[in-house]
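Trainee:
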Amino acid sequence: MNWQNKKKYLRFSLIICILILCSIEGFSQNNPVILDESYDKLTWPGFVNKLENEFPVHFYFVSDSMPDIKMTSLKYPVSLEEMLNLNLKKRKIQYSIIGNTVFVTHTQVLANKLPDDFFIDKKSLIQSADSIESKKNQEYLATTKEQPAQSIVIGTKGKNAAKKTAVFTGRITDIKEHKPIEGATLYFIELAKGTTTNETGNFSITIPKGKYTLVVNSIENKESRYELRVLSDGFAELTMEPEVYSLQEVVIRSEKEDLLKGTNTGFEKITAKSLKQIPAVMGERDVIKVALLLPGVQSVGEGSSGFNVRGAPSDQNMFYINKVPVYNTSHILGFFSAFNPDIVDDFTLYKGSIPTNYGGRLSAIFNINSRQGNMENFSARGGISPITARLMLETPIIKKKLSVLVGARSTYSDWALKMVQNPEIKNSQAAFVDLVANISYNINDKNQMNIFGYYSEDNIKIVDKTKFDYSNKGASLSYFHAFNKNNNLNLSLAHSEYSFKEINTESPINAYTQSYTIQHDELNLNFTFRPSEKHTITAGLNSILYGLKNNPFLPYGDSSLVYPKQLENEKGLENALYINDEWKLLPTLTINGGLRFNTFTNLGQKTVLTYESGLPISEETILDTLHFGTNEPTKTYTGLDYRLSGTYQLNPEMSVKLSYNRVHQNIFMLSNTIALSPTDKWKLADYNIKPMVGDQVSLGYYSVFSRGKFEATAEIYFKNVDNLVEFKDGANLLVNEYPEQELVQGNLKAYGIELMLKKPQGKFNGWINYTYARSTILVNNEITGENVNFGMRYPANYDKPHSVNFVANIKLNKRISFSGNIVYSTGRPITYPTAIYYQNGQQFLHYSKRNEYRIPDYFRTDLSFVLEGNLRKNKLIHGSWIFSVYNVTGRKNAYSVYFETTEGVIKSYRLSIFGAPIFSVTYDFKLGNYAK
Amino acid sequence: MRNKQINIFILLIILLFQACIDEFQPELNGYEQLLVVDGGVFDGPGQIRIKLSYSTDVYNPKMNLISGAFVRIQDNTGETEVLNEPEEGVYTSSENGLIGIPGRSYKLYITTPNGKKYQSDFEVLHPRISIESITYQTEFHPDDRYPYDLAGYQFYLNTQLPNDTNNFYMWRMVKTYEYHSEFLADAYFTNKRIYPFPKPDSMQICWKTENVKQNILLNTKDVVNPDMKNFPLNFVNTEGRELSVRYSQLTEQLTLNEPTYKHYKLIEDGNAEQGSLYANQPIQIRSNVMNVDDPNEPVLGYFLVAGRSVHRLFVSPPDVEFHYYAFVLTSDDYENMRFIRYSSPSIWPIYLTLGGVDDGSLAWPSQECIDCRQRGGTLSKPTFWDIK
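Encoded structure:
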């Protein structure tokens, strides 16, 4: 993170005060800043940005308190001081220039010396690992509870005495939750120099030995200040106090995530804080439900897991929680998400540019970070809703070093299902549980470790006819090592296992049981180098070992005539080496380019059939049978991924970005159902089925205006996917030992435009977005003659041209808030029966071409109301009530439209999953007061 | 609800969660009037029979036969015959005309009255396999719609299928049953007068023939042992009148070629239930008959060429309780007589019964319990009925 180019908006609660230690001679005398006509009639943010970009000048001001001014002067060139005098003084805005820093205050005249009571309200705890004075500090801390120490000593006298400079490293964390603070800025006033923290809250800076005033800022936290004595290289852990009475919704963005400066197109990040204000279904704030309110993300259907991102099938998305891949992200077949909302800290969605260190999925990466565990105190939170109960506990084991977090969530009854009028749901059972555990260990200033475990299980029975049991198990170990301030290493190992079992007794003759397990072992090794201010190079290795274990397909019960089958297991190894450079070519232009070399090897033990080329793959065209031993490669595919993106800042408030990706995907979900069904199976690319290749180009326009109050974005994308796997008409995968005989590979084309207007902050915040998107599939192999839909291009199941999402949050006061959202989208395509005919005295339905019709449009409004407990500072437990209504208008949104023949009469029906408003009440609680 | 101590939280819950199914008619258009081919060539005796019709609107199903078409069948040796139309929409070969011979292939040519030309592929006819026997036994099957297990006969097939290669079979069943109405027609009312009915028992016995709405398909690849013993066919329950007097079932065992099997398999899978949460993608299934000039025009039905053997079985009622509603006369039925003179002429004649009691008082019950034809049957006895 480059401090020089970073614009700062600082929120000063009382005044902006500045210390003494430097003389009030800055650039104005030594190195005067002279402005030309290009500075005329700029808005304040534009003026500041231009100046910061062109001169080594830094501004501090309270953005909210600045009136709308146009900076003007009658004559040019003009010095900065004159310009400020001309434009600010008449508005009674004070400013001071100290060093290369301009401090702008509204009413307060800047003191040139620290007021005696300055630090009274500041709380901060200091850990100085290598400090001879730390003991003294602690004594000081103990005696002056209200006035914690603000002076720290870094290093030891005499150590590295020959060197004039010292490397000051450290970590900034949240005082209560001990969560690392990303993107916090450290500023050494006397040096006019600073740095920012990385994703793990770490920073490192080389500075001359000496005495400094350090100002630490982060958007979500109160500013803290330190008097620093730097004696030699050293480490300090600095903590920050959250902005307790900040009512505003803030999303932390590091520069990489900055809307204007980051190079990623199609990037979305939502923090837990914003999750809190989304209406809940059945009392839970579901991560996935929030994602569905973002442009370009569509639900497969209510009550079904998975989502479609930018016109792509759901198997082209990957979910990670703390590096653990999760193959089934839903509970109860999609009614709940598989992630306990209490443990989710934030999630990031990449739907445009996919970072080079991710690969293997064409459409989107969904990365969920859990909370890290409180390093300071024991803490707990949880909630009870009509259907679920959840609890999360976190505690330090070694204060500031080692903490543990555990979370659990479960249904305690399936009584709610019994209330449903649909007999299919009424005569059913559903139960689930999920557990997480996280251990964070800060070994020392340069090494950190994290261990994470995840487990979820579902037991479902549908009308005594079908029984599903499925579970996710996963664990990860991540290790971070900083070589120095510029170079670091991330290593992670993850294991994940998804198991599925089905017993189907719908027809006693065909009753069967089947089960399978998919294992995913992943190694990630990532190096980050910053050889210069302008380049950030990441390079690494990513290996995944897939194992699909198929248990025998067996008859179930005495009357079943099912022929038992043992389907072969599958194994595959995916390796990728990658390198990426982010290059700040100009202050306004950043280019990001990467290459990722992929190999995928399908491994034995396996029996492979070969087929005559140029003919449809079927039993009749089998040429030969090949046998491969354990771990013997059956087929290897190689492919090169490209990542190229760039951002150009047109002016301080606008930028444009362009990106192009190519990604290869070696694992698919085979689905012939309209919605994602639990019986859908995963399949690896193999001897006969080629990996999918996807290309995406995105072009975006981004703007932040009205002093940061609004953000507007527009993105256009175009996608092409080759080797998309589709079923042949009427295929039955369930029992086929050679799935290639049931599959054909085709092409998917998708394009769209996404428009979004967001008000990220304020008592009233939210967003509205509109998406136009199309997605079509063509399966027509001209060589073999195999096709779907008679070789004509057809709309994909998830082709929903128009969609609008509106989200609004209103905070009336500290205790009461409302939020609401409105969701609209075109109905999904469907194949309808369109004619009746007779054969041998029986009546038959004739269907339209694939997806020729659409179900009715989808429209839903949700509301929720949060009532916080009292705001007393000293209390043991803070509780809040969440009242929510899902589908307020009770619109019967069609999940499906289907036809039934009863005694020769055809009737059509609409199936709605949530056919009425759903009210729910949840009680959430946590240890501590409102703010914590 | 909460004091300064940690307390147990009491939860207030209001939950209304409602999934629902309601009737909904989407607008559909453009698929009426598609050619439907029904029939084909079988080996063994019997005329070739092809029925032509047009498909109809989903919401108004009806049989829309095509009269006056030109229909010709040709085999791969060059033999050919133009079919006659002895009844509307039904085209047959002549008594000594073309017959199905195993090993030969057959092709259908159609020119509809509006001048469109259609033809099928050459469809190969595989030899028939004879049915060894069909057995049945009383069984009780669970059914969602009833609170008890349904009693009835389960039919089983025994046949020896050849073991050599993959073979494809289809079984179609036609049921014919005799049933009786509850009461004799002792009198009838017409033209505002009551007349005695000359033959009171003439409307009491009916026979009804229906296709079993379930074809059974088999690919011998899926069979462990081609010596099929007790292969389950259909189940006929006692909720209706099928088994009430005498029941006969004609079972047709068809040896199919592979494309034909695949077509019927697609129909079976494509017609699977669509209402469930995880329904399969339905598909458009087209015929083996195509428009010569426009191959993209969907044609429905199938020109079926197969080896065929048939087996007929007669069964007597099972020794279980029947659940169909057997009418008894109530006081209302006698009371109704007072209003008979106000009845609309459109429902005349109205049949009346003494209800088996010879006290001279007539009752006017629901007509289907006097006139058995009201339940869909016919009064003429099928020719095969007395064979066994």
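Chains as they are written, first to last, in the numbering used here: chain A, 3 to 934; chain B, 4 to 391.
Beta carbons are placed, not taken as given, at the ideal position from N, Cα and C, and that holds for glycine.
As the structure is a prediction and not an experimental result, all values here were calculated from the model.
Considering only their Cβ atoms, is the gap separating threonine 603 of chain A from threonine 638 of chain A smaller than 8 angstroms?
Mentor: Contact: yes.
Trainee: With which residues is leucine 626 of chain A paired in a DSSP beta bridge?
Mentor: Note on residue identity: the sequence assigns aspartate, not leucine, to residue 626 of chain A. Answer is A:Thr612.
Trainee: Does threonine 333 of chain B come out as helix, strand or coil in the three-state DSSP assignment?
Mentor: Correct three-state label for threonine 333 of chain B: coil.
Trainee: Are asparagine 807 of chain A and leucine 295 of chain A touching if we call contact CB-CB under 8 angstroms?
Mentor: A contact, by the Cβ cut-off of 8 angstroms.
Trainee: Report yes if the C-beta distance between arginine 93 of chain A and proline 58 of chain A is below 8 angstroms; otherwise report no.
Mentor: No, they are not a contact pair.
Trainee: Around the Cβ of lysine 384 of chain B, are there at least 16 other Cβ atoms within 10 angstroms (buried) or fewer (exposed)?
Mentor: It counts as exposed.
Trainee: Residues in its own chain within less than 6 angstroms of leucine 257 of chain B by CB, not counting five upstream and five downstream?
Mentor: Only Met173, Ala309 and Arg311 meet the Cβ criterion.
Trainee: What runs of the beta strand (DSSP E), each 3 residues or longer, lie entirely inside the region 165-231 of chain B?
Mentor: Entirely contained in the region 165-231 of chain B, the beta strand (DSSP E) runs reaching 3 residues are, in chain order, 171-183, 190-193, 196-199, 208-214 and 219-222.
Trainee: One question on the structure: do phenylalanine 238 of chain B and glutamine 157 of chain B come within less than 8 angstroms of each other, judged by their Cβ atoms?
Mentor: Going by C-beta atoms, phenylalanine 238 of chain B is nearer than 8 angstroms to glutamine 157 of chain B.
Trainee: Relative to the C-alpha of phenylalanine 237 of chain A, which candidate in A:Ile177, A:Tyr662, A:Val155 and A:Asn266 has its C-alpha closest?
Mentor: Here the closest residue by C-alpha is A:Val155.
Trainee: Less than 8 angstroms between the beta carbons of leucine 101 of chain B and glutamate 82 of chain B, yes or no?
Mentor: In contact: leucine 101 of chain B and glutamate 82 of chain B (Cβ atoms closer than 8 angstroms).
Trainee: Please list the segments of the beta strand (DSSP E) lying wholly inside the region 333-374 of chain B, counting only runs of 3 or more residues, in order along the chain.
Mentor: Whole beta strand (DSSP E) segments, 3+ residues: 353-355.
Trainee: Does the separation of the CB atoms of aspartate 38 of chain A and threonine 74 of chain A fall below 8 angstroms?
Mentor: Contact: no.
Trainee: For chain A, find out if any of its Cβ atoms is closer than 8 angstroms to the Cβ of serine 58 of chain B; answer yes or no.
Mentor: Interface residue, yes.
Trainee: Can you find the residues in the same chain that come closer than 7 angstroms, C-beta to C-beta, to glutamate 213 of chain B, ignoring five residues on each side of it along the sequence?
Mentor: Around glutamate 213 of chain B: Lys178.
Trainee: Return the CA-CA distance between arginine 776 of chain A and phenylalanine 792 of chain A, expressed in angstroms with no decimal places.
Mentor: When rounded, the distance between both Cα atoms is 21 angstroms.
Trainee: Which same chain residues end up closer than 6 angstroms to leucine 491 of chain A when comparing Cβ atoms and leaving out the 5 residues on each side of it in sequence?
Mentor: So the qualifying residues of the chain are His483 and Phe529.
Trainee: Which residues does DSSP pair with proline 618 of chain A in a beta bridge?
Mentor: Answer by DSSP bridge pairing: none, since proline 618 of chain A is not bridged.
Trainee: Between the alpha carbons of serine 347 of chain B and aspartate 41 of chain B, how many angstroms are there, rounded?
Mentor: Going by the C-alpha atoms only, they are around 41 angstroms apart.
Trainee: In terms of alpha-carbon separation, which member of A:Val408, A:Asn653, A:Asp235 and A:Thr202 lies closest to glutamate 56 of chain A?
Mentor: Of A:Val408, A:Asn653, A:Asp235 and A:Thr202, the residue nearest in Cα terms is A:Asn653.
Trainee: Of all the CB atoms in chain B, is at least one closer than 8 angstroms to the CB of glycine 843 of chain A?
Mentor: Yes, contact with chain B.
Trainee: With a threshold of 16 other CB atoms inside 10 Å of the CB of threonine 107 of chain A, please say whether the residue is buried or exposed.
Mentor: Buried.
Trainee: Using 8 angstroms as the threshold, is the C-beta distance between valine 248 of chain B and tyrosine 182 of chain B below it?
Mentor: Result yes, Cβ atoms of valine 248 of chain B and tyrosine 182 of chain B sit closer than 8 angstroms.
Trainee: Which of the three DSSP states, helix, strand or coil, is assigned to asparagine 506 of chain A?
Mentor: Asparagine 506 of chain A: strand per DSSP, three-state reduction.
Trainee: Using three-state DSSP, classify glutamate 459 of chain A as helix, strand or coil.
Mentor: Three-state result, glutamate 459 of chain A: strand.
Trainee: Are the C-beta atoms of glutamine 377 of chain B and some chain A residue less than 8 angstroms apart?
Mentor: Answer no: the Cβ-Cβ gap between glutamine 377 of chain B and chain A never drops below 8 angstroms.
Trainee: Can you find the residues in the same chain that come closer than 6 angstroms, C-beta to C-beta, to proline 858 of chain A, ignoring five residues on each side of it along the sequence?
Mentor: Hits under 6 angstroms: Gly829 and Ala896.
Trainee: DSSP state of glutamate 1 of chain B, grouped into three classes?
Mentor: Chain B is shown only over 4 to 391; residue 1 of chain B falls outside these bounds and no answer can be derived.
Trainee: How many whole angstroms separate the CB atoms of glycine 375 of chain A and serine 458 of chain A, which I take to be in contact at a CB cut-off of 8 angstroms?
Mentor: Not confirmed; about 20 angstroms, so no contact.
Trainee: I need the DSSP call for glutamate 39 of chain A, collapsed to helix, strand or coil.
Mentor: In this structure, glutamate 39 of chain A counts as helix in the three-state DSSP scheme.
Trainee: What residues from chain A crowd round proline 29 of chain B, counting only those whose CB sits closer than 7 angstroms?
Mentor: Per Cβ cutoff of 7 angstroms: Tyr834, Tyr855, Val899 and Ser910.
Trainee: Any beta carbon of chain A sitting closer than 8 angstroms to that of lysine 216 of chain B?
Mentor: For lysine 216 of chain B, the answer is yes, since a Cβ of chain A falls inside 8 angstroms of its Cβ.
Trainee: Which of the three DSSP states is assigned to phenylalanine 792 of chain A in this structure?
Mentor: Here phenylalanine 792 of chain A sits in helix by DSSP.
Trainee: I want to see whether chain B comes within less than 8 angstroms of tyrosine 839 of chain A, judged by CB atoms only; does it?
Mentor: By this cut-off, tyrosine 839 of chain A is an interface position.
Trainee: Could you tell me which of B:Tyr180, B:His129 and B:Met66 sits nearest to proline 165 of chain B, measuring between CA atoms?
Mentor: Selected option, being the one with the closest Cα: B:His129.
Trainee: Can you tell me whether arginine 645 of chain A is buried or exposed? The criterion is at least 16 other CB atoms within 10 Å of its CB, across all chains shown.
Mentor: Per the 10 Å Cβ criterion, buried.
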